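For the record, the sequence lines run as chains A and B. Every position in the first sequence, counted from 1, becomes a number in the working numbering once 11 is added. Every position in the second sequence, counted from 1, becomes a number in the working numbering once 11 is added. Where a beta carbon is used, it is the ideal one built from N, C-alpha and C, also for glycine. None of these values were measured; they are calculated from a predicted model. Structure first, commentary second.
There are 2 protein chains.
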Amino acid sequence: MRCENCNPVFDEKTKDQQRGQMVLGEIAQPAKKQDNQQEIIEAAAHCFMRHGLEKATMTDIADHLGATKGRVYHHFRSKNAVFFAVYRQAMVFCFEAVEPLMAQDLPAADRLFRMAEAHAHVMMDTLPYQRSIRIGVEIYLRGSTTEADRTVLRELIEMRNRYEHLFREVLAEGQADGSLSVTDVPLAGRALIGALNGLVDWFRIRPDQPQSERDHIARTLSATILDGLRS
Amino acid sequence: MRCENCNPVFDEKTKDQQRGQMVLGEIAQPAKKQDNQQEIIEAAAHCFMRHGLEKATMTDIADHLGATKGRVYHHFRSKNAVFFAVYRQAMVFCFEAVEPLMAQDLPAADRLFRMAEAHAHVMMDTLPYQRSIRIGVEIYLRGSTTEADRTVLRELIEMRNRYEHLFREVLAEGQADGSLSVTDVPLAGRALIGALNGLVDWFRIRPDQPQSERDHIARTLSATILDGLRS
DNA sequence: TAAAACATACTACCGGGTATGATGTTTCGG
DNA sequence: CCGAAACATCATACCCGGTAGTATGTTTTA
């Protein structure tokens, strides 16, 4: 039987779990179901990263789990739903890493630096997720047949906008407290995000990669965009 | 009849036309054929941008030309071949705009600034091409069944590497002449390219958009990455 | 007039989605 | 405490729409 009232977390917006505020451990049962879904999501992220959104088939995802399509379709209505779940998870990772840093009692320039560092780390640490969502967004929006899909996508895109707005906020604060010299806040934000998101394109995970390398990348990248290249 | 010895420019690597050094106007015949192909390539770029690589069907491309699949398949062996052509064209645009600027007799920092500006302009002016190729690259490489396809893709990727190397060259020169302060040249190059390529993600073409807006974007973006955000 | 440049009609196949069955696992009345 | 219904979780088998590619016919051009 199709699990109709399966945890609808990733199918529709649930107000009480915005950005991972999830109250876990209430019961053992839903937690396990959550884990099963999460496992699928992770497999999907890997497949999306390797083969792209369309080339990655549902069977691929299932194979990656040592399972069949039946399992995936039991937890997700459609392939789009799976992608949406990956997308939301990627954004949750970003928010959890960056948003707390905004409250620090520092000059805006220093806060921005730490936020940039954190964002870079998230890009590298959750690479499969971030690569997946970078591909098709408004593309998917055009392709989405059902209105429900488009609604979910709009919500996700708005989530992304909220996230990028965090950086613009700090940029504006830096303009105010004088620690930053920004003429065009939106454009500066685009430049910052662009330089960091570029990681998703060129960064490659190697098994023997020490943590220090990622630290160096995050630090150098953030320093470059903050201090510039000119001497 | 299938045009077997159709201008194989976009099917296989031809040594004599590296980076748009094409000697045009030799005969009238190939020039016209070239134009026909170019028209298809442009239509494909538009469709790839709108619907994504896979969702864009060959019929879509043909429809965009007011033609049918027959025309496309007469000039290109496969859908992959069309994508490869779009890819190469995109890179040619980049080379033509940026490479000449390297010879200018200026401090490296200033040359880099102009190169960045030029690159930004290319991103905006040839948006459909640039968006198309940003999607599937090594993704396509994995998906490519035939060895011939993979060979072409490797060549294209190497073309891209050569292009990005231009910026690293200037960065190294700036390190030498003291106009730039760069500790990690490759990383600095990634940051620069990333910030500029981000354009492809967020820039939207509007019909009433004055040229001055693109100029402002290119200038501000380049200035931001060169001079940094900190005051 | 022959070849190039298309259009038309058709096939083969892949992949998303579904219907159904098999196997645990929880729940609950007695 | 027990046994069966209800349910959750997956596997299997199948359908079917869409699309890349082909084979062939038709028109245009040099």
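Chain B contact for residue i (CB, 8 angstroms cutoff)
i	result
residue 128 (chain A)	no
residue 226 (chain A)	no
residue 208 (chain A)	yes
residue 236 (chain A)	yes
residue 177 (chain A)	no
residue 90 (chain A)	no
residue 65 (chain A)	yes
residue 192 (chain A)	yes
residue 81 (chain A)	no
residue 171 (chain A)	no
Cutoff 7 angstroms; reference residue i; Cβ partners in own chain excluding five residues on either side
i	result
residue 230 (chain A)	128
residue 104 (chain B)	133, 137, 140
residue 110 (chain A)	177
Per-residue burial, residue i [other beta carbons within 10 Å of its own, 16 or more giving buried]
i	result
residue 242 (chain A)	exposed
residue 216 (chain B)	exposed
residue 172 (chain B)	exposed
residue 46 (chain A)	exposed
residue 70 (chain A)	exposed
residue 63 (chain A)	buried
residue 107 (chain B)	exposed
residue 142 (chain A)	buried
residue 115 (chain B)	exposed
residue 227 (chain B)	exposed
residue 68 (chain A)	exposed
residue 153 (chain A)	exposed
residue 81 (chain A)	exposed
residue 165 (chain A)	exposed
residue 48 (chain A)	buried
Coarse secondary structure for residue i, derived from DSSP in three states
i	result
residue 182 (chain B)	helix
residue 232 (chain A)	helix
residue 241 (chain B)	strand
residue 198 (chain B)	helix
residue 207 (chain B)	helix
residue 138 (chain B)	helix
residue 64 (chain A)	coil
residue 191 (chain A)	strand
residue 162 (chain A)	helix
residue 177 (chain A)	helix
residue 219 (chain A)	coil
residue 40 (chain B)	Because residue 40 (chain B) carries a pLDDT of 47, less than 50, the predicted location of this residue cannot be relied on, and no value is offered for it.
residue 77 (chain B)	coil
residue 117 (chain A)	coil
residue 104 (chain A)	helix
residue 88 (chain B)	coil
Proximal residues to residue i (C-beta, below 6 angstroms), its chain only, five neighbours per side dropped
i	result
residue 196 (chain A)	179, 182, 183
residue 132 (chain A)	229
residue 87 (chain B)	93
residue 123 (chain A)	181
Close Cβ partners of residue i (< 8 angstroms) along its chain, the five nearest in sequence each way excluded
i	result
residue 118 (chain A)	185, 188, 190
residue 97 (chain B)	52, 55, 56, 59, 140, 143, 144
residue 113 (chain B)	122, 126, 177, 180, 181
8 angstroms Cβ cutoff, residue i in contact with chain A
i	result
residue 204 (chain B)	yes
residue 160 (chain B)	no
residue 199 (chain B)	yes
residue 122 (chain B)	no
residue 137 (chain B)	no
residue 75 (chain B)	no
residue 240 (chain B)	yes
Is there contact here, the stretch 207 to 224 of chain B with the stretch 218 to 228 of chain A, by at least three beta-carbon pairs under 8 angstroms?
-> no
Pair every Cβ in the stretch 155 to 166 of chain A with every Cβ in the stretch 71 to 80 of chain A, then say whether three or more of these pairs are closer than 8 angstroms.
-> no
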